[in-house]
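One structure is given below, encoded as structure tokens.
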Amino acid sequence: MSAETSTVKVPPQRPSSSTGAPAPRAERPARKSGRFSGQAAPWLLLAPTLVVLAVVLGYPLVRLATLSFQKFGQSQLWGFQPTEWVGFQNFTTVLGDSVFWDVVVRTILFAVGAVVFTMVIGMALAMLLMRVSGWVKTLINVALVASWAMPIVVAVTVFKWMFDSDYGVVNWLLSRIPGLDFDRHNWFIDSTQGFTIIMALVVWGAVPFVAITLHAGLTQVPKELEEAARMDGAGAVKVFRYVTLPVLKPIIVMLATLSVIWDMGVFPQVFLMRGGHPEPEYQLLTTYSYDKAFVVNDYSMGSAIALLTVLLLLGVIAVYMRQMLKIGEVE
Amino acid sequence: MTTEVKQPRPKGRAVYNLIGLLVAAVMGFPVYWMINTALKPAKDSISPTPKFLPFPLSLENFHRALQISDFWGPVTRSLIIAGSTVGIGLVVGLLAALAISRFAFRGRKVVIVGILTVQMVPLVAMIIPVFLLLNDLGQYNKLTGIILTYLTFVLPFTVWTLRGFIVNIPKELEESAMVDGCTRTGAFVRVVFPLLAPGLVATAIYGFIQAWNEYLYALQLLSQQNTTATVWLGNFTTTRGTEYAPMMAGSTMMAIPVVIFFLLVQRRIASGLTAGAVKG
């Protein structure tokens, strides 16, 4: 169906960006003289978006930065005391705290694990979808879309129930395996086990989008390219490595980028799984910052942690943006 | 050796089908288990041997879930919030997506990089200043305030996704329409817009689901009396502690409409994400 509706079988990003390239080049000399003629329309179209983003993102980001150099607690919130500038005090406190570094390491390990599992399982599923019969494909798609559409909060409650120590179905199923006894096993006493379940939950929710998108991408890989490679003696692995992957690269980069953002920003999964009060060994950067702000009521300390999280992500963002620019995704 | 043409061999396909069935079972199990628990009598949920089929069917869990606290209030608020956010997001975002995909102008790349970067800022990092901002504006605990803040994530996503859909529509189509006498706006309305419709639907649905699923802002920016469906479910406890059976009934009521809606349009979304638009 999708193959028949499109004669352009190559991934769309490439041709459009290459046809788009001459336009700015031709315009460049004209710019110096009369640049306002053709320039106003795009900015008018962009204006509403830019205004909204300035209010809901720009201002809060600035406020986040200023807050982290202030003392801002309950009394400042109610206006009993004026806000006070404290310089780098919040940062020296946070960075000197070994708990913070534990949280950083935990967050990075968690995000990397979740992204890798999501991408690998997503890719495997996408390739499986190319190889199964129609009715199996439909079944997998139904399962994928159903789990994709599940609200995160619903997914958390369902996983909590499945892994419940007393009546959870998973403990019962595992106890059926000879030699294993998971009766009354509490998965959350040990944080490694607990995070395994939280990661399973995150990956389970993220895989469908990745798998379905990659599958749609795979249907666009020109058959002739793969056949030609096979004629030249390439095995399945080589065809995948040298034909399929390069063609899919723009999609893969997009998906990986989104996965990193989502998995670094995981909040309800941990927060709700631990009943609204994650224990110290379950804190990720997000819950840690939230705790400092809304439980301890130290808004400036929470902001400092959140700002450090954003800075940490900026590194990730920079790496990906460079990749995006390199492959011409952003043209 | 080179004569090995990879036609699907029946044996290989059977193995793949088997793996596929297993995958579908594992992926679908949480959804199935939610519905199963919701539909069987509550006492069956705490039997030592789990019952894998919801017979005898019972709706008592649904009754109980609806009794525990106001259900339709949060659901109505969630619908209003998600609907308004996506509506505003689509209109505003489409204009911006057109600007960055169909116009060449100085600063275009900066805008694209800016929108992409902005999309990366985790919501949780923004909650503290957003909370203080709404507090200052007198928008704390107001639906308008939360709709505005939901645009933080719906709008960048909408712009970026719609850009992807528009870029897939060949410029030549518009150009030939313009050669045939259409204005630029006319070409957009008559040629691009119809081709973009599936993309708009896909973006709207995905945006809606993001807004519907959002938890943290709803938790922090709305009071208990004014809360949304996600927070309602997250706080689902009874006087007897956590009762999973009615909780699964509540989960089912929250998830099933979304899942069905999503299943109906999934084909469009999948093809819309990558397929080109020129018909042969």
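Protein chains in written order, with this note's numbering: chain A, 153 to 483; chain B, 2 to 281. Each residue gets a CB set at the ideal place from its N, CA and C atoms; glycine is no exception.
Report the CB separation of residue i from residue j in whole angstroms; it is logged as a contact under 8 Å.
{"i": "T270(A)", "j": "V207(A)", "result": "With a Cβ gap of about 33 Å, T270(A) and V207(A) do not count as contacting."}
{"i": "V297(A)", "j": "P360(A)", "result": "6 Å"}
{"i": "W324(A)", "j": "P31(B)", "result": "W324(A) to P31(B), Cβ: 15 Å. No contact."}
{"i": "T150(B)", "j": "L217(B)", "result": "Between L217(B) and T150(B) the Cβ distance is about 10 Å, and since that is not below 8 Å, they are no contact."}
{"i": "F106(B)", "j": "Q191(A)", "result": "5 Å"}
{"i": "L99(B)", "j": "L197(A)", "result": "6 Å"}
Got a sec, what are the start and stop residues for the alpha helix (DSSP H) residue i sits in?
{"i": "A97(B)", "result": "73-103"}
{"i": "S220(A)", "result": "Unbroken run through S220(A): none, as it is neither H nor E."}
{"i": "R109(B)", "result": "109-121"}
{"i": "W230(A)", "result": "Segment: none, W230(A) is in no alpha helix (DSSP H) and carries neither H nor E."}
{"i": "T396(A)", "result": "From DSSP, T396(A) is part of no alpha helix (DSSP H); its letter is neither H nor E."}
{"i": "E376(A)", "result": "375-383"}
{"i": "P11(B)", "result": "11-40"}
{"i": "D254(A)", "result": "250-283"}
{"i": "K143(B)", "result": "It is not in any alpha helix (DSSP H) - K143(B) carries neither H nor E in the DSSP assignment."}
{"i": "N214(B)", "result": "194-214"}
{"i": "L247(A)", "result": "241-247"}
{"i": "R185(B)", "result": "185-188"}
{"i": "V208(A)", "result": "V208(A) -> no alpha helix (DSSP H), and no H or E assigned at all."}
{"i": "E176(B)", "result": "172-180"}
{"i": "A386(A)", "result": "Here A386(A) belongs to no alpha helix (DSSP H), and DSSP marks it neither H nor E."}
{"i": "G282(B)", "result": "No information on residue 282(B) is available, as it lies outside the stretch 2 to 281 that chain B covers here."}
{"i": "Q221(B)", "result": "217-222"}
In or out: residue i buried (at least 16 other Cβ within 10 Å) or exposed?
{"i": "Q226(A)", "result": "exposed"}
{"i": "D415(A)", "result": "buried"}
{"i": "F262(A)", "result": "buried"}
{"i": "H1(B)", "result": "Since the displayed chain B opens at 2 and closes at 281, residue 1(B) lies outside it and no answer follows."}
{"i": "A178(A)", "result": "Bear in mind that a pLDDT of 43 at A178(A), under 50, signals an unreliable position, so the number given afterwards is only what the model happens to contain. Flag for A178(A) reads exposed."}
{"i": "L19(B)", "result": "exposed"}
{"i": "F154(B)", "result": "buried"}
{"i": "K444(A)", "result": "buried"}
{"i": "I47(B)", "result": "exposed"}
{"i": "K390(A)", "result": "exposed"}
{"i": "F240(A)", "result": "exposed"}
{"i": "R283(B)", "result": "Residue 283(B) falls outside the range modelled here, since chain B spans only 2 to 281, and no answer is possible."}
{"i": "Q165(A)", "result": "At Q165(A), the pLDDT of 37 sits below 50, so the modelled position is not reliable; the number obtained from the coordinates is stated separately. Buried, by the Cβ-count rule."}
{"i": "V472(A)", "result": "The sequence shown places Tyr at residue 472(A), rather than the Val named in the question. It is buried - the Cβ of Y472(A) has at least 16 other Cβ atoms within 10 Å."}
{"i": "S177(B)", "result": "exposed"}
{"i": "Q68(B)", "result": "exposed"}
{"i": "R103(B)", "result": "buried"}
{"i": "Q233(A)", "result": "exposed"}
{"i": "G428(A)", "result": "exposed"}
{"i": "G108(B)", "result": "exposed"}
{"i": "E244(B)", "result": "buried"}
{"i": "F315(A)", "result": "buried"}
{"i": "G186(A)", "result": "At G186(A) the pLDDT is 39, less than 50, meaning the model places this residue with poor confidence; the figure from the coordinates comes in the next sentence. G186(A) comes out exposed."}
{"i": "L274(B)", "result": "Because the pLDDT of L274(B) is 42, which lies under 50, any placement of that residue in the model is unreliable, and the number read from its coordinates should be weighed accordingly. Label assigned to L274(B): buried."}
{"i": "G331(A)", "result": "exposed"}
{"i": "A394(A)", "result": "Strictly speaking, residue 394(A) in this sequence is Tyr, with Ala absent from that position. Exposed."}
{"i": "F53(B)", "result": "exposed"}
{"i": "W233(B)", "result": "buried"}
Is residue i close to chain E, meaning its C-beta is less than 8 Å from at least one C-beta of that chain?
{"i": "Y141(B)", "result": "Any reference to chain E falls outside this structure, whose protein chains are A and B."}
Secondary structure, alpha helix (DSSP H): runs of 4+ residues fully inside the stretch 285-369 of chain A: 286-301, 304-314, 321-328
Contained beta strand (DSSP E) runs [length at least 3] in the stretch 42-75 of chain B, N- to C-terminal order: none
Within the stretch 404-470 of chain A, ranges of the beta strand (DSSP E) (whole runs, at least 3 residues): none
Meets three-Cβ-pair contact criterion under 8 Å: the stretch 290-305 of chain A and the stretch 361-379 of chain A: yes
Meets three-Cβ-pair contact criterion under 8 Å: the stretch 440-458 of chain A and the stretch 122-137 of chain B: yes
Validate contact between the stretch 131-149 of chain B and the stretch 221-240 of chain B using beta carbons, cut 8 Å, 3 pairs: yes
Meets three-Cβ-pair contact criterion under 8 Å: the stretch 296-315 of chain A and the stretch 377-387 of chain A: no
Contact between the stretch 49-60 of chain B and the stretch 76-85 of chain B (3+ Cβ pairs under 8 Å): no
Validate contact between the stretch 235-255 of chain A and the stretch 402-411 of chain A using beta carbons, cut 8 Å, 3 pairs: no
Three CB pairs or more closer than 8 Å across the stretch 164-175 of chain B and the stretch 98-115 of chain B: yes
At least 3 beta-carbon pairs within less than 8 Å: the stretch 313-331 of chain A vs the stretch 431-441 of chain A: no
The stretch 37-47 of chain B touching the stretch 242-262 of chain B, judged by at least three CB pairs closer than 8 Å: yes
Inter-stretch contact at 8 Å, needing at least 3 Cβ pairs: the stretch 212-222 of chain A / the stretch 417-428 of chain A: no
Touching by the beta-carbon criterion (3+ pairs, under 8 Å), the stretch 275-287 of chain A and the stretch 299-307 of chain A: no
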